[in-house]
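Undergrad: Below you will find the structure I want to go over with you.
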Amino acid sequence: MAKMGRPKTEDPVSKVITFKVKETEYQAMLEYTKSHNISISQLIRMGIKMKMNESRK
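Residue numbers (the working numbering): 136 to 192.
Shown next, in the form of structure tokens:
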């Protein structure tokens, strides 16, 4: 039988980063992610990409 499961990606998400935020920041992130139907991880990745692109200009 062939193996079943999720196919492998070329660039897997494998690193875990932990950081602290204030309760108000966390609640704001939760509200944003719920209203835009994304995860907190996706929101943080988007913010990192925005800042990196901003600094290249």
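Quick reminder that beta carbons are idealized off the backbone N, C-alpha and C, glycines included.
Enumerate in chain order the residues of its own chain whose CB-to-CB distance from I175 is below 7 Å, with the five nearest sequence positions on each side excluded.
TA: M164 and T168
Undergrad: Does the Cβ-Cβ distance between I173 and M185 come in under 9 Å?
TA: no
Undergrad: Measuring alpha carbon to alpha carbon, tell me which residue in D146, S190 and V151 is nearest I179.
TA: For the options D146, S190 and V151, the alpha carbon positioned closest to that of I179 is the one of V151.
Undergrad: Start and end of the alpha helix (DSSP H) containing T168?
TA: E158 to H171
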